Amino acid sequence: MTSMEDLRKPILPGKGASDYERYLRTDELLSLQKLPQECLHADELTFQVVHQASELLLKGVAWELERARNHIGDGDFSNAARLMRRATEMLDHPIYLLHVLETITPYDYHLIRAGLGHGSGLDSPGFLALLHIGPRLGESFYTQLHAANLSLDDLYRRHEKFFGLHDVAERLLDFDERVHLFRFHHLKLAERIIGGGVVGTMGTPVEVLHQRMEHLFYKELWDVRNRITAKANDVLQKDGGGHS
Ligand code: HEM
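Counting from 2, one number per residue, gives the positions in the sequence shown under our numbering.
Structure representation (structure tokens):
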């Protein structure tokens, strides 16, 4: 029988006194931040931790969406929708973390900013991975839609019969909405910390963030609702009643 003492001994390879530390590689993970004496301001640790945590979470989001894309290709819509739900749950956290940085004051931020070089969120590997997977996920969905000989309008009208594919469409919309929310809250953060009328660390005006917010991955999925409402209004008018 294994004794309690044996159970406390690490059995995994790697650095760290316990298997917890070895598995999570906490040694390396927790040494990826500036040392206190290297920080330009005491708020810098929070600034760095929020960015690093966001990159990790965005990596997880992109990974799950890649897996979902494979499931869509295999026609396994239940598992695709399950993983897309997981991805959007995960994406809520980088959005939430933006609010943590709203607690840095504009003056203090400029001390931190002085050490960022040309560093810019435009080069965020995590966000770029989302921009890469977004359109490809949409393509997989449309391939299946065409294979089922359906238009988007058909899919939404016959949602009960095509529940699985309809569920995937709604999860795509969740993802699109989250990316939009990330951009919205990020823009507000930039506006309140450095202002909306200035130029960022890579020479991009903050105004560009406004324009990028217009971007949607799946515009057709938003548009189909206009047609559904227009049709419903037609029916109401024919029946002679109701406000739209
Ligand atoms: C004090 C906090 C922050 C400020 C003042 C700020 C400011 C900016 C600015 C001015 C830009 C425009 C490009 C440039 O010239 O740099 C930008 C882009 C970007 N930032 Fe931030 N940022 C902050 C925090 C974050 C955080 C926590 C993330 C999380 C990963 C992030 C991710 C991004 C992304 C992904 C872009 C490109 C946006 C797009 O493509 O729409 N930023 N940021």
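Glycine residues also receive a C-beta, built at the ideal position from the N, C-alpha and C atoms.
Predicted, not measured: the structure shown is a model, and the values here were computed from it.
Query                                                                                                                                                                             : Result
Apply the 10 Å Cβ neighbour rule to G139 and answer buried if 16 or more other Cβ atoms are within range, or exposed otherwise.                                                   : buried
For V207, name the three-state secondary structure that DSSP assigns.                                                                                                             : coil
Would the C-beta of M203 count as close to the ligand HEM, meaning under 7 Å from any of its heavy atoms?                                                                         : yes
Could you name the residues of the same chain whose beta carbon sits closer than 8 Å to that of G76, not counting the 5 residues immediately before and after it, in chain order? : Q145
Taking DSSP's pairing of strands, which residues face V200 in a bridge?                                                                                                           : P206
Does the separation of the CB atoms of H34 and L25 fall below 8 Å?                                                                                                                : For the record, residue 34 in the displayed sequence is Gln; it is not His. Not a contact, by the Cβ cut-off of 8 Å.
For P11, which of helix, strand or coil comes out of DSSP?                                                                                                                        : coil
For the stretch 46 to 65 and the stretch 77 to 97, state whether three or more C-beta atom pairs, one from each stretch, are separated by less than 8 Å.                          : yes
I'd like to confirm something about A43: is its beta-carbon nearer than 7 Å to some heavy atom of the ligand HEM, or not?                                                         : no
Out of P95, L156, F163, L117, point me to the one whose CA is closest to Q53's CA.                                                                                                : P95
Would you kindly check if the distance between the Cβ of I105 and the Cβ of I194 is under 8 Å?                                                                                    : yes
Which residues in the same chain as L190 place their Cβ atom closer than 7 Å to its Cβ, once the five residues preceding and following it in sequence are excluded?               : L99, L102, E103
Do you know how far the Cα of H211 is from the Cα of L188?                                                                                                                        : 7 Å
Does the stretch 72 to 87 come close enough to the stretch 166 to 176 to have 3 or more Cβ pairs within less than 8 Å?                                                            : yes
With a threshold of 8 Å, are at least 3 pairs of Cβ atoms found where one atom belongs to the stretch 212 to 223 and the other to the stretch 124 to 144?                         : yes
Terminal residues of the continuous alpha helix (DSSP H) containing Y157?                                                                                                         : 153 to 158
Considering only the alpha carbon of each residue, which of R9, R184, K16 lies closest to E29?                                                                                    : K16
Looking at the unbroken alpha helix (DSSP H) that takes in F78, where does it start and where does it end?                                                                        : 78 to 102
Between the stretch 147 to 156 and the stretch 63 to 72, do three or more beta carbon pairs fall short of 8 Å?                                                                    : no
In or out: L131 buried (at least 16 other Cβ within 10 Å) or exposed?                                                                                                             : buried
Measure how close the beta-carbons of S79 and G196 come, nearest whole angstrom, since I'm counting them as under 8 Å.                                                            : Not confirmed; about 47 Å, so no contact.
I believe F128 touches G122 by the beta-carbon criterion, under 8 Å. Please report the beta-carbon distance rounded to the nearest angstrom.                                      : 7 Å
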